[in-house]
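The structure appears right after this line, and notes come after that.
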Amino acid sequence: MAQPTRPYYSSKGVSAVYYDLLTAADKKLLGDLEVYAGLANGPSQILELGAGTGRIAVDLAQRGHSVLGLDIAPAMLDQAEAKRKALDPKTAARLRFKLGDMASLALGETFDLVLCTYFTLAHVPAGAAWKNTFKGVAKHLRPGGLAAFHLPVEERMRESPPPSDKPVFMHPLDGGGAVALYILEHSFNPKLGRMDLVMDFVTRPASGAVAVHSHERLTYYLADPVPFADAAGLEVAMAPIDVGGVGAIHVFRKP
Ligand SMILES: C[S@@+](CC[C@H](N)C(=O)[O-])C[C@H]1O[C@@H](n2cnc3c(N)ncnc32)[C@H](O)[C@@H]1O
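Residues 7 to 261 (this note's numbering) make up the sequence shown, in order.
The following block contains the structure:
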């Protein structure tokens, strides 16, 4: 039977399972945590959109901030919640995770800093979903508060990936075996600013058993965030901050 292609982060796939292994090796993210920590002005109330497995939210809570991490994928949030439970009680009490859609924010509280980390905004089309996300962010920010959006750089997204038979990532697994990641398909539509990737996660058991494949689709939408921020009443706070040469963190302020 042909492999089904599942959406990335689906509970039936493995991208969520291997997410932390992948990001730990991902040079595209070098320094992002320090940028976010540097945007907080003293102990802060922080909202993270697309908090995923808690890579950033947990770190910020450990630095003394109160963090609410929102995400749409239960498979990612389950891991975040497991990490929260393993923290010391004081840190755990400063950290919350919540299932939700960043494009329809109604949290009933405001924040000093809103973060939309590692290309999260690019996961939704750059039309109504971006407009509603920025509107929601503006509504949930305190006056003077900052909002940071990490987005891909278009020129880098257009680049051809390695051939589909060359793994872009390999890692040994506990107890033997290994996981490898291949990019099966890559396309970029410049008119729509849309990039589609189909990945193949190949899990090879330690024994001679057959490798298990999981085909998963990841789509990124690219656009200039400034008009969306402007329409939501947010102003540019500083020049975009380069991250790994492939992405930039755009920072806005609520007047
Ligand atoms: C690349 S991961 C980032 C995870 C984490 N912030 C990090 O930096 O490691 C993107 C996350 O955005 C989440 N996401 C995608 N669309 C979303 C939406 N509309 N609302 C909330 N989260 C969303 C995905 O489920 C995924 O966990």
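For every residue, glycine included, the Cβ atom is placed at its ideal position computed from N, Cα and C.
Q. Terminal residues of the continuous beta strand (DSSP E) containing Y188?
A. 184 to 195 is the span of the beta strand (DSSP E), which, as asked, contains Y188.
Q. Where DSSP assigns a beta bridge to E241, which residues make up the other side?
A. According to DSSP, E241 bridges with R259.
Q: Under 8 Å by Cβ, that's how I've got L101 and V73 pegged, so tell me the actual separation to the nearest angstrom.
A: 5 Å between Cβ atoms; contact.
Q) Is any heavy atom in ligand 1 found nearer than 7 Å to the beta carbon of R90? A) Outside the cutoff, so no.
(Q) Once the 5 residues before and after L105 are set aside, which same chain residues still bring their CB inside 8 Å of it? (A) Cβ within range, chain order: L76, D77, I78, P80, L83.
Q) So Q68 is in the alpha helix (DSSP H); what residue range does that whole segment cover? A) Counting along the chain, the alpha helix (DSSP H) containing Q68 begins and ends at 61 to 68.
Q) Is Y15 near ligand 1, going by C-beta to nearest heavy atom under 7 Å? A) At a cut-off of 7 Å, the beta-carbon of Y15 counts as near ligand 1: some heavy atom of the ligand is closer than that.
(Q) Taking only three categories from DSSP, how would you classify D32? (A) Looking at D32 - three-state DSSP - the assignment turns out to be coil, as it is neither helix nor strand.
Q: At 3 residues or longer, and completely inside the region 123 to 207: list those beta strand (DSSP E) runs for me, N to C.
A: Runs found: 147 to 158, 175 to 178, 184 to 195.
Q | Nearest-angstrom Cβ-Cβ length linking F207 and S193, presumed shorter than 8 Å | A | Contact between F207 and S193 does not hold, since their C-beta atoms are separated by about 19 Å, which reaches or exceeds 8 Å.
(Q) What I want to know is whether the C-beta of A43 ends up closer than 7 Å to one or more non-hydrogen atoms of ligand 1. (A) It does not: the Cβ of A43 is nowhere closer than 7 Å to a heavy atom of ligand 1.
Q: Kindly examine ligand 1 and report whether one of its heavy atoms sits closer than 7 Å to the Cβ of G19.
A: No, the Cβ of G19 stays beyond 7 Å of every heavy atom of ligand 1.
(Q) Per DSSP, what are the beta-bridge partners of I78 in this structure? (A) DSSP, once it has assigned bridges, lists no residue as partnering I78.
Q.
Are there any heavy atoms of ligand 1 lying less than 7 Å away from the beta-carbon of T11, as far as the coordinates show?
A. Remark: the shortest separation between the CB of T11 and any heavy atom of ligand 1 does not fall under 7 Å.
Q) Should G253 and K34 be called a contact, given that it needs their Cβ atoms to be closer than 8 Å? A) In this structure, G253 places its C-beta atom within 8 Å of the C-beta atom of K34.
Q. Touch check for the region 102 to 121 and the region 38 to 54: three-plus C-beta pairs under 8 Å?
A. The region 38 to 54 and the region 102 to 121 touch, with three or more beta-carbon pairs separated by less than 8 Å.
Q: Sort E241, V257, V249 by Cα distance to L37 and report the nearest one.
A: In the sequence on display, residue 37 carries Gly and not Leu. Out of E241, V257, V249, the CA that lies nearest to the CA of G37 is found in V249.
Q) What are the residues that DSSP puts in a beta bridge with D248? A) According to DSSP, which records beta bridges pairwise, D248 is partnered with A254.
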